[in-house]
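Engineer: In our numbering, the protein residues as written are 1 to 281. From the three backbone atoms N, C-alpha and C, an ideal C-beta is built for every residue, glycine too. It should be emphasised that the depicted structure is a prediction, and the values quoted were computed from it without experimental measurement.
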Amino acid sequence: MQKNTPPRSTIRLTRRGRIALVVTGAVVVGTAVAVPLLTLGAEEESRPATLAVPEGWRASQVYAAVDKALALPAGSTRKSLDKAALKLPNDAEGNPEGYLFPATYRLQENTTPDKLLALMVDTANDRFNRAPIAAGAQRNAMNVYQAVTIASIVQAEAATKADMGKVARVIFNRLERGMPLQMDSTINYALNRSTLRTTENDTRIDSPYNSYQRMGLPPTPIDNPGDEAMRAAINPTPGNWLYFVTVRPGDTRFTADYQEHQRNVAEFNAQRKKSGAQAAR
């Protein structure tokens, strides 16, 4: 959601959750992709387990879920990054955020976190580097990593799949007009939280992910987007929108008019206040 900023000169694109389910003997339903069985070392009889990585999870959430799934001490998966040899784009600078592809991964008892992370990244590369995504990114004058970054914001901001293309268009329109993105999701990422309550103080934090203060895209993706968000990032819905706000569930309003947006934001705040008062009863 963005709040205010008049148009500025045009700039170029810059470079730059849910609980994991671990089920023994069953496949988790509702995730984006089923990834083949991961077997490490000698084949042996064991009851398979699965790890579901939902769309929109941050890397930190994936690390914690892998630790839990493999019964490892907290922090083990994050520490395994150095030996994982992940095949990431140069722009990622070793940060797998955005490339831990959301899917259901089958595990064996001897699965290791570094091999599992490598499988997630390989799955992402297979999806992102196919012709539709790569060609779509080029068509929009950006590289695949930038498309993944935009998709991650779309994943975090869109209330429904139907809204994803419109959110993507808002991002493109703002970039083309030299406006800061002003996305609350990037502030949440910087503060390692998820909330709808972004304050004025929040928008002043010193962070490269502060899209209220910094121009262009954040330095990395802010979560791991799924296929729908990726499609929206390369095929944004046509429109002139610059602002949007979800006033209530199922009612996201997009507009190019700042005054109209302010009225929508006021209605959103009134609805939030009303909901808080009812919850307090």
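Rounded to the nearest angstrom, what separates Thr246 and Val170 at their Cα positions?
Structural biologist: On the sequence shown, residue 246 is found 246 positions in, with the first residue counted as 1. On the sequence shown, residue 170 is found 170 positions in, with the first residue counted as 1. C-alpha separation (whole angstroms): 14 Å.
Engineer: Am I right that Thr198 and Ile187 are in contact with their C-beta atoms under 8 Å? What's the rounded C-beta distance?
Structural biologist: Here the question's residue 198 lines up with position 198 in the sequence shown. Here the question's residue 187 lines up with position 187 in the sequence shown. So it is a contact: roughly 6 Å between Cβ atoms.
Engineer: Out of Ala131, Lys83, Gln138, which has the shortest C-alpha to C-alpha gap to Lys115?
Structural biologist: As a position in the sequence shown, residue 115 is number 115, starting the count at 1. With distances taken between Cα atoms, Lys115 lies closest to Lys83.
Engineer: Does DSSP put Tyr63 in a helix, a strand or coil?
Structural biologist: Working through the sequence shown from its first residue, we reach residue 63 at position 63. DSSP places Tyr63 in helix when its eight states are reduced to three.
Engineer: Return the first residue and the last residue of the alpha helix (DSSP H) that Arg358 is part of.
Structural biologist: The question about residue 358 has no answer here: the residues shown for the chain are numbered 1 through 281.
Engineer: Should Ser275 be labelled buried (16 or more other beta-carbon atoms within 10 Å of its own) or exposed?
Structural biologist: Numbered from its first residue, the sequence shown carries residue 275 at position 275. Under this definition Ser275 is an exposed residue.
Engineer: Cα-Cα, which of Tyr189, Lys68, Asn143, Arg272 is closest to Pro89?
Structural biologist: Locating residue 89 in the sequence shown gives position 89, counting from the first residue. Residue Asn143 is the option with its Cα nearest to Pro89.
Engineer: Classify Leu117: buried if its beta carbon has 16 or more other beta carbons within 10 angstroms, exposed otherwise.
Structural biologist: Taking the first residue of the sequence shown as position 1, residue 117 is located at position 117. Flag for Leu117 reads buried.
Engineer: Near Val28, what residues of its chain come up, given a Cβ to Cβ distance below 6 Å and the 5 sequence neighbours on each side ignored?
Structural biologist: Residue 28 sits at position 28 when you count from the first residue of the sequence shown. Because Val28 sits at a pLDDT of 36, beneath the cut-off of 50, its placement in the model cannot be relied upon, and the following sentence gives the value as read from the coordinates. Leu21, Thr50, Ala52, Thr104.
Engineer: If you compare alpha carbons, which of Asp227, Ile222, Ala69, Met215 is closest to Ala59?
Structural biologist: As a first step, residue 59 must be located in the sequence shown, where it is residue number 59. For the residues Asp227, Ile222, Ala69, Met215, the minimum Cα distance to Ala59 belongs to Ile222.
Engineer: Output the distance between the C-alpha atoms of Thr31 and Tyr212, rounded to the nearest integer angstrom.
Structural biologist: Against the sequence shown, residue 31 aligns to sequence position 31. Against the sequence shown, residue 212 aligns to sequence position 212. Since pLDDT at Thr31 reaches only 45, below the 50 mark, its modelled position is unreliable, and the value read off the structure follows with that caveat. Thr31 and Tyr212: Cα-Cα distance of roughly 32 Å.
Engineer: If you draw a straight line from the C-alpha of Thr77 to the C-alpha of Thr111, how long is it?
Structural biologist: Here residue 77 is taken as the residue at index 77 of the sequence shown, counted from 1. Here residue 111 is taken as the residue at index 111 of the sequence shown, counted from 1. Those two C-alpha atoms are separated by around 12 Å.
Engineer: Please state if the CB of Pro225 and the CB of Gln155 are separated by a distance shorter than 8 Å.
Structural biologist: Residue mapping note: residue 155 aligns to position 155 of the sequence shown, counting from 1. Residue mapping note: residue 225 aligns to position 225 of the sequence shown, counting from 1. Yes. Within cutoff.
Engineer: According to the neighbour-count rule (16 or more other Cβ atoms, all chains shown, within 10 Å of its Cβ), is Glu93 buried or exposed?
Structural biologist: Position 93 of the sequence shown holds residue 93. Classification for Glu93: exposed.
Engineer: With distances taken Cα to Cα, identify the nearest neighbour of Thr195 among Leu72, Pro132, Asp184.
Structural biologist: Translated into the one-based positions of the sequence shown, residue 195 becomes position 195. Among Leu72, Pro132, Asp184, the Cα nearest to that of Thr195 belongs to Asp184.
Engineer: How would you call Asn210, buried or exposed, if buried means at least 16 neighbouring beta carbons within 10 angstroms?
Structural biologist: Taking the first residue of the sequence shown as position 1, residue 210 is located at position 210. Result: buried.
Engineer: Identify the continuous alpha helix (DSSP H) that holds Thr123 and give its terminal residues.
Structural biologist: Start at 1 with the first residue of the sequence shown, and residue 123 comes out as number 123. Its alpha helix (DSSP H) spans residues 113 to 128.
Engineer: Tell me the DSSP bridge mates of Phe244?
Structural biologist: Your numbering for residue 244 matches position 244 in the sequence shown. DSSP, once it has assigned bridges, lists Phe254 as partnering Phe244.
Engineer: Need the endpoints of the beta strand (DSSP E) that Thr104 sits in, please.
Structural biologist: What you label residue 104 is simply residue 104 of the sequence shown in a count that begins at 1. First-last of the beta strand (DSSP E) with Thr104: 104 to 107.
Engineer: On a Cα-Cα basis, can you pick out the residue from Phe268, Gln146, Ala69, Ala71 that is closest to Leu217?
Structural biologist: Numbered from its first residue, the sequence shown carries residue 217 at position 217. Here the closest residue by C-alpha is Gln146.
Engineer: Out of curiosity, what's the CA-to-CA distance linking Ile153 and Ala131?
Structural biologist: Against the sequence shown, residue 153 aligns to sequence position 153. Against the sequence shown, residue 131 aligns to sequence position 131. Between Ile153 and Ala131, the C-alpha separation is close to 22 Å.
Engineer: Rounded to whole angstroms, how far is the Cβ of Thr255 from the Cβ of Lys166, which I believe are closer than 8 Å?
Structural biologist: Residue numbering aside, residue 255 sits at position 255 when the sequence shown is read from its first letter. Residue numbering aside, residue 166 sits at position 166 when the sequence shown is read from its first letter. That pair is no contact at about 11 Å.
Engineer: Within 10 angstroms of the Cβ of Asp67, are there 16 or more other Cβ atoms? Answer buried if so, exposed if not.
Structural biologist: Stepping through the sequence shown from its first residue, residue 67 is reached at position 67. It counts as buried.
Engineer: Can you tell me which residues form a DSSP beta bridge with Thr198?
Structural biologist: As a first step, residue 198 is located in the sequence shown; it is residue number 198 there, counting from the start. Thr198 pairs with nothing; no bridge assigned.
Engineer: Note down, in chain order, each residue of its chain lying with its Cβ closer than 7 Å to the Cβ of Arg231, except the 5 sequence neighbours on either side.
Structural biologist: What you label residue 231 is simply residue 231 of the sequence shown in a count that begins at 1. Closer than 7 Å at Cβ, skipping near neighbours: no residue.
Engineer: Apart from the five residues on each side of it in sequence, which residues of its chain come closer than 7 Å, Cβ to Cβ, to Ser46?
Structural biologist: As a working mapping, residue 46 is identified with position 46 in the sequence shown. Residue placement at Ser46 is poorly supported in this model, since its pLDDT is 46, which falls under 50; the coordinates are not used for a value here.
Engineer: So, using beta-carbon positions, are Asn150 and Ala69 closer together than 8 Å?
Structural biologist: Along the sequence shown, one-based indexing puts residue 150 at 150. Along the sequence shown, one-based indexing puts residue 69 at 69. In the sequence as displayed, the identity of residue 150 is Ile instead of Asn. No, they are not a contact pair.
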